[in-house]
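Q: One structure, as structure tokens, below. Some questions next.
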Amino acid sequence: MIEIKNIDFSYYEKKIFKNFSLRFEKGKFYILLGKNGSGKSTLVKLLLGIEKLKAGEILVGDKSLSKDLFEIRKEIGMVFQNPDEQIISERIDEELAFAMENYGYSSNDMRDRIETILKEINLWEKRELRVSQLSGGEKQRLCIGSALVLNPKILILDEGTAMLDEKNRENILELLAKLRDRGVTIILISHHLNELKYVDEVVYLKAGNLDWQGRRDEFIKEIVTGNLGENLELPPNFYIAREIYKRKGVDITKNLFKSEEVAEYLCQLSSKI
Ligand SMILES: Nc1ncnc2c1ncn2[C@@H]1O[C@H](COP(=O)(O)OP(=O)(O)OP(=O)(O)O)[C@@H](O)[C@H]1O
Ligand SMILES: [Mg+2]
21 MIEIKNIDFS YYEKKIFKNF SLRFEKGKFY ILLGKNGSGK STLVKLLLGI EKLKAGEILV
81 GDKSLSKDLF EIRKEIGMVF QNPDEQIISE RIDEELAFAM ENYGYSSNDM RDRIETILKE
141 INLWEKRELR VSQLSGGEKQ RLCIGSALVL NPKILILDEG TAMLDEKNRE NILELLAKLR
201 DRGVTIILIS HHLNELKYVD EVVYLKAGNL DWQGRRDEFI KEIVTGNLGE NLELPPNFYI
261 AREIYKRKGV DITKNLFKSE EVAEYLCQLS SKI
């Protein structure tokens with residue numbers, strides 16, 4: 021559990037959070053939404069202790085960020101948007117081994133763990149390549165692997181799927197959902213609303229305020245019925261669902277991520293015209 025309690029934060033004169041509170045429950049998969057500049061990355065930097073709170077506190081489990089930053093950092097795996105700013109090794113296995121070296125793993129355990137992770141992130145076939153020979157998306161998958169290698173209790177991806185194509189994004193999101201099933205808390209910062217398919221909960225920030233928080237299905241329903249989402253970039257299936265709801269009063273939220281069923285509904289609708 022992460023509890024953010026009544027925090028204040030500003031960059032010099034620019035206030036970002038004022039008396040802001042938020043809870044993340046253990047073992048849930050969250051998407052953190054909000055338009056550019058709404059404070060998503062700042063929130064992550066505060067959680068990691070990269071930026072310092074001006075007031076309030078952050079608790080992770082029974083530990084407080086102000087007292088136990090080092091312990092808390094060990095429990096958090098982090099993936100940023102730009103892999104080139106994160107990768108430090110030239111070899112793929114070294115990059116994954118790096119995190120483990122300081123934690124007393126035997127070389128056999130390290131080899132097994134690296135193999136498991138490389139298969140999970142779909143880089144096993146490329147293990148002999150140098151990091152500089154990987155594509156942007158492959159490097160991003162390597163960063164996800166590095167974040168996973170120490171079995172974090174919390175995994176945060178700040179637009180950490182941004183460079184992935186559709187298929188690899190789906191693979192990674194399915195992997196994240198599997199980790200959630202194993203009890204890992206996932207916080208995914210993203211602008212891709214179709215990633216809602218995989219998550220449990222939504223946190224929607226607007227200019228440093230919590231605009232909406234709750235269950236994924238409720239959030240989608242709010243968008244489809246037109247109560248929310250004016251500032252979000254809606255993918256086509258969301259627009260179609262919204263129009264169907266507006267014109268026919270029918271809510272197709274449950275089938276939103278199944279393109280064939282959305283198409284089927286549209287065909288039925290047009291055959292009646
Ligand atoms: N180091 C900094 N110094 C001063 N202002 C900053 C700094 N970092 C961020 N900001 C400002 O704080 C606000 C929130 O930025 P933040 O990076 O948290 O937004 P975000 O929600 O992550 O946006 P995006 O979707 O573009 O990544 C922005 O207005 C930004 O200009
Ligand atoms: Mg950001």
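Per this note's numbering, the very first residue in the sequence shown carries number 21; after that it's consecutive. Using N, Cα and C, we set each Cβ at its ideal position, and we do this for glycine too.
Can you tell me whether glycine 54 is buried or exposed? The criterion is at least 16 other CB atoms within 10 Å of its CB, across all chains shown.
A: Mapped onto the sequence shown, residue 54 falls at position 34. With 16 or more Cβ atoms within 10 Å of its Cβ, glycine 54 is classed as buried.
Q: As a quick check of your reading: which residues have a C-beta less than 7 Å from at least one non-hydrogen atom of ligand 2, in chain order?
A: Every residue passing the under-7 Å Cβ criterion appears here: Lys60, Ser61, Asp178, Glu179 and Ile209.
Q: Ordered along the chain, which non-local residues of its own chain (more than five positions away) have a Cβ less than 6 Å from that of phenylalanine 239?
A: In the sequence shown, the residue the question calls residue 239 occupies position 219. So the qualifying residues of the chain are Val222.
Q: Give me the residue from Leu85, Thr245, Glu194 and Lys268 with the minimum Cα distance to threonine 181.
A: Here residue 181 corresponds to residue number 161 of the sequence shown, with the count starting at 1. The residue with the shortest Cα to Cα distance from threonine 181 is Glu194.
Q: Could you tell me whether the Cβ atoms of glutamate 51 and serine 290 are closer together than 8 Å?
A: Position 31 of the sequence shown, counting from 1, holds the residue named residue 51. Position 270 of the sequence shown, counting from 1, holds the residue named residue 290. Per the sequence shown, the amino acid found at residue 51 is isoleucine instead of glutamate. No, the Cβ-Cβ distance between isoleucine 51 and serine 290 is not below 8 Å.
Q: Ignore the nearest five residues each way along the sequence and tell me which others in cysteine 163's own chain have a CB closer than 8 Å to its CB.
A: Locating residue 163 in the sequence shown gives position 143, counting from the first residue. These residues qualify, in order along the chain: Val99, Phe100, Pro103, Gln106, Ile107 and Gly180.
Q: Who are the near neighbours of glycine 249 in its chain, counting only those whose CB is closer than 7 Å to its CB and skipping five residues on each side?
A: If you number the sequence shown from 1, residue 249 lands on position 229. Once the five neighbours on either side are set aside, the close Cβ partners of glycine 249 are Ile243.
Q: Considering only heavy atoms of ligand 1, does any lie closer than 7 Å to the CB of asparagine 56?
A: Looking up residue 56 in the sequence shown gives position 36. Yes - ligand 1 has a heavy atom lying nearer than 7 Å to the Cβ of asparagine 56.
Q: What are the residues that DSSP puts in a beta bridge with glycine 97?
A: Taking the first residue of the sequence shown as 1, we reach residue 97 at position 77. DSSP output for glycine 97 lists Leu175 as bridge partner(s).
Q: Quick check on the DSSP output: the beta strand (DSSP E) that includes glycine 157 runs from which residue to which?
A: As a working mapping, residue 157 is identified with position 137 in the sequence shown. It is not in any beta strand (DSSP E) - glycine 157 instead sits in the alpha helix (DSSP H) that spans 156-168.
Q: Can you tell me whether glutamate 263 is buried or exposed, with buried defined as 16 or more other CB within 10 angstroms of its CB?
A: Here residue 263 corresponds to residue number 243 of the sequence shown, with the count starting at 1. Label assigned to glutamate 263: exposed.
Q: Using DSSP with H/G/I as helix, E/B as strand and the rest coil, what is aspartate 88?
A: Your numbering for residue 88 matches position 68 in the sequence shown. Correct three-state label for aspartate 88: helix.
Q: What is the rounded straight-line gap between the Cα of leucine 42 and the Cα of leucine 252?
A: Within the sequence shown, the letter at position 22 stands for residue 42. Within the sequence shown, the letter at position 232 stands for residue 252. Leucine 42 and leucine 252: Cα-Cα distance of roughly 21 Å.
Q: Count the other C-beta atoms from every protein chain shown that fall within 10 angstroms of the C-beta of aspartate 82, then say buried if there are 16 or more, exposed otherwise.
A: Sequence index remark: in the sequence shown, residue 82 carries index 62 (1-based). Exposed: under 16 other Cβ atoms inside 10 Å.
Q: Pop quiz: leucine 230 and asparagine 257 are said to be a contact at Cβ under 8 Å. What is the actual Cβ separation, rounded to whole angstroms?
A: Start at 1 with the first residue of the sequence shown, and residue 230 comes out as number 210. Start at 1 with the first residue of the sequence shown, and residue 257 comes out as number 237. Not confirmed; about 26 Å, so no contact.
Q: Which runs of the alpha helix (DSSP H), 4 residues or longer, sit entirely within the region 186-213?
A: Taking only runs of at least 4 residues, the alpha helix (DSSP H) segments lying wholly in the region 186-213 are 186-201.
Q: Within 10 angstroms of the Cβ of leucine 270, are there 16 or more other Cβ atoms? Answer buried if so, exposed if not.
A: In the sequence shown, the residue the question calls residue 270 occupies position 250. Per the sequence shown, residue 270 should be read as valine rather than leucine. Valine 270 should be labelled exposed.
Q: From asparagine 26 to lysine 139, what does the alpha carbon distance come to, in whole angstroms?
A: Position 6 of the sequence shown, counted from the first residue, corresponds to residue 26. Position 119 of the sequence shown, counted from the first residue, corresponds to residue 139. Cα-Cα distance, rounded: 42 Å.
Q: Just the Cα atoms here: how many angstroms apart are arginine 189 and tyrosine 224?
A: Locating residue 189 in the sequence shown gives position 169, counting from the first residue. Locating residue 224 in the sequence shown gives position 204, counting from the first residue. When rounded, the distance between both Cα atoms is 21 Å.
Q: Under three-state DSSP, which class holds leucine 289?
A: Working through the sequence shown from its first residue, we reach residue 289 at position 269. Three-state result, leucine 289: helix.
Q: So for leucine 40, helix, strand or coil by DSSP?
A: Position 20 of the sequence shown holds residue 40. Note that residue 40 corresponds to phenylalanine in the displayed sequence, not to leucine. DSSP places phenylalanine 40 in strand when its eight states are reduced to three.
Q: Determine the burial state of glutamate 115: buried for a count of at least 16 other Cβ atoms within 10 Å of its Cβ, exposed for fewer.
A: The residue you call residue 115 lines up with position 95 of the sequence shown. With 16 or more Cβ atoms within 10 Å of its Cβ, glutamate 115 is classed as buried.
Q: Taking Cβ to Cβ, would you say aspartate 28 is nearer than 8 Å to lysine 74?
A: Counting from 1 along the sequence shown, the entry for residue 28 is found at position 8. Counting from 1 along the sequence shown, the entry for residue 74 is found at position 54. Taking 8 Å as the Cβ cut-off, aspartate 28 and lysine 74 qualify as a contacting pair.
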